[in-house]
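Following: one structure in structure tokens, then a few remarks.
Numbering (this note's numbering), first residue to last: -2 to 264.
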């Protein structure tokens, strides 16, 4: 309870001439949206107020390194770093709150996984080769990567998963907030965009499925218009970058890039 709530309880207790049962009933009637203390709670809070202990003092938990609980917890997370605090509680019989305090005291933190793209065995040598080439370009021109146009596509769907942790509705009563999902009519939207030397190139929205032909149409017909706001010096020095998606690696696409950006495209 907050200090203001405790003061209100004591004030109402005075109105009720020290009768705790009546004070609890009157408090609930006067403050219907607050937590309602029972008569015992009001008695305890009043006693604390008389002794000058309106706020609880935090207990400091110290665990000796030879404490069996400490050794048990540290050994468990060493053998299985992925184990959850709930599983630790079940397997060791140590309360979850104690487990978390011990781990915090020992500077342990629950680090989250980072998802990365799966690589094939040949990808490592290719990446190493690219890094060596990139370092050579930087040696020649420290501003080299300012003039690389990095590009990619993204697909947006109306069937994506909703992360409810990002959805909040602050209220003192439950509004029973709902949002409809799993649409019967599904659609998706493919978007291409690039960035070079501080310029945002695009976005461009594909009206059809992205394949070699639609991607080539973007490069031949749309990209020149999208680059109109980019200064001439940037366009002159520009390298074009794309990933290895199947539409990007089609023969007709690579042939066009060899002609339009000879030795100046990455992908």
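Glycine is no exception: its CB is placed at the ideal position from the N, C-alpha and C atoms.
What residues in its chain sit with their C-beta under 8 Å from that of residue 34, if we drop five residues either side in the sequence?
Position 37 of the chain shown holds residue 34. In the same chain as residue 34, and ignoring 5 residues on each side of it, the C-beta atoms closer than 8 Å to its own belong to -2, 6, 21, 24, 42, in chain order.
Would you decide whether residue 245 is buried or exposed? Buried here means 16 or more other CB atoms lie within 10 Å of its CB.
As a first step, residue 245 is located in the chain shown; it is residue number 248 there, counting from the start. When all chains shown are included, residue 245 counts as buried.
Counterpart residues of residue 152 in DSSP-defined beta bridges:
If you number the chain shown from 1, residue 152 lands on position 155. Within the DSSP bridge table, the entry for residue 152 names 187 as partners.
Going by Cα to Cα distance, which pick from 143, 234, 177, 142 is closest to residue 157?
Here residue 157 corresponds to residue number 160 of the chain shown, with the count starting at 1. That would be 177, whose Cα lies nearest to the Cα of residue 157.
Below 8 Å on the Cβ atoms is my contact criterion, and I expect residue 224 with residue 233 to pass it. Report the Cβ-Cβ distance as a whole number of Å.
Residue numbering aside, residue 224 sits at position 227 when the chain shown is read from its first letter. Residue numbering aside, residue 233 sits at position 236 when the chain shown is read from its first letter. Contact flag wrong, Cβ pair sits at about 11 Å.
Report yes if the CB atom of residue 226 is closer than 9 Å to the CB atom of residue 258, and no otherwise.
By 1-based counting over the chain shown, the position of residue 226 is 229. By 1-based counting over the chain shown, the position of residue 258 is 261. Contact flag unset, no.
Start-to-end residues for the beta strand (DSSP E) that takes in residue 196:
Here residue 196 refers to the residue found at position 199 of the chain shown. 196 to 203 is the extent of the beta strand (DSSP E) around residue 196.
Test: residue 257 CB closer than 9 Å to a CB of chain D:
Absent here is chain D; the protein component of the structure consists of one chain.
With C-beta atoms as the reference, is residue 266 less than 9 Å away from residue 261?
Nothing can be reported for residue 266, as the shown portion of the chain is limited to -2 through 264.
Tell me whether the beta-carbon of residue 149 lies closer than 9 Å to the beta-carbon of residue 240.
Along the chain shown, read from residue 1 onward, the residue named residue 149 stands at position 152. Along the chain shown, read from residue 1 onward, the residue named residue 240 stands at position 243. Yes, the Cβ-Cβ distance between residue 149 and residue 240 is below 9 Å.
For the alpha helix (DSSP H) containing residue 28, name the first residue and the last one.
Against the chain shown, residue 28 aligns to sequence position 31. The continuous stretches of alpha helix (DSSP H) do not include residue 28, and DSSP gives it neither H nor E.
Nearest CA to the CA of residue 50: which residue from 220, 0, 136, 237?
Against the chain shown, residue 50 aligns to sequence position 53. Of 220, 0, 136, 237, the smallest CA-CA separation from residue 50 is found for 0.
Taking Cβ positions, are residue 135 and residue 127 nearer each other than 9 Å?
Looking up residue 135 in the chain shown gives position 138. Looking up residue 127 in the chain shown gives position 130. No. Outside cutoff.
Please look up how many angstroms separate the CB atoms of residue 105 and residue 74, rounded, as I've assumed it's under 8 Å.
By one-based count along the chain shown, residue 105 stands at place 108. By one-based count along the chain shown, residue 74 stands at place 77. Indeed, because the Cβ distance is near 7 Å, the residues count as touching under 8 Å.
Find the nearest neighbour of residue 174 within the set 191, 144, 164, judged by alpha-carbon distance.
The sequence position of residue 174 within the chain shown is 177, counting from 1. Residue 164 is the option with its Cα nearest to residue 174.
Nearest-angstrom beta carbon gap, residue 198 and residue 145 [assumed within contact, 8 Å]
For the purposes of this step, residue 145 is taken as residue 148 along the chain shown, with counting starting at 1. For the purposes of this step, residue 198 is taken as residue 201 along the chain shown, with counting starting at 1. With a contact defined as Cβ atoms closer than 8 Å, residue 145 and residue 198 miss out at about 12 Å.
Is residue 186 closer than 9 Å to residue 216 when the C-beta atoms are compared?
On the chain shown, residue 216 is found 219 positions in, with the first residue counted as 1. On the chain shown, residue 186 is found 189 positions in, with the first residue counted as 1. No, the pair does not count as a contact, with Cβ atoms beyond the cut-off.
Less than 9 Å between the beta carbons of residue 99 and residue 71, yes or no?
Position 102 of the chain shown, counted from the first residue, corresponds to residue 99. Position 74 of the chain shown, counted from the first residue, corresponds to residue 71. In this structure, residue 99 lies near residue 71, with their beta-carbon atoms less than 9 Å apart.
Would you please state the rounded distance, in angstroms, between the beta carbons of residue 188 and residue 151? I believe it to be under 8 Å.
Along the chain shown, read from residue 1 onward, the residue named residue 188 stands at position 191. Along the chain shown, read from residue 1 onward, the residue named residue 151 stands at position 154. With 8 Å as the limit, residue 188 and residue 151 qualify as a contact, their Cβ atoms being about 5 Å apart.
Give the straight-line distance between the Cα atoms of residue 247 and residue 214, rounded to the nearest whole angstrom.
Here residue 247 corresponds to residue number 250 of the chain shown, with the count starting at 1. Here residue 214 corresponds to residue number 217 of the chain shown, with the count starting at 1. Straight-line measurement puts the Cα of residue 214 at about 13 Å from the Cα of residue 247.
Do residue 263 and residue 210 have their C-beta atoms closer together than 9 Å?
Stepping through the chain shown from its first residue, residue 263 is reached at position 266. Stepping through the chain shown from its first residue, residue 210 is reached at position 213. No, the pair does not count as a contact, with Cβ atoms beyond the cut-off.
Since residue 133 is in the alpha helix (DSSP H), which residue starts that stretch and which ends it?
Here residue 133 corresponds to residue number 136 of the chain shown, with the count starting at 1. The continuous alpha helix (DSSP H) containing residue 133 extends over residues 118 to 137.
Quick check: what's the CA-CA separation for residue 64 versus residue 91?
Along the chain shown, read from residue 1 onward, the residue named residue 64 stands at position 67. Along the chain shown, read from residue 1 onward, the residue named residue 91 stands at position 94. Going from the Cα of residue 64 to the Cα of residue 91 covers about 12 Å.
By the three-class DSSP mapping on this structure, what secondary structure does residue 235 have?
The sequence position of residue 235 within the chain shown is 238, counting from 1. DSSP, reduced to helix, strand and coil, places residue 235 outside both helices and strands of the structure shown, so it counts as coil.
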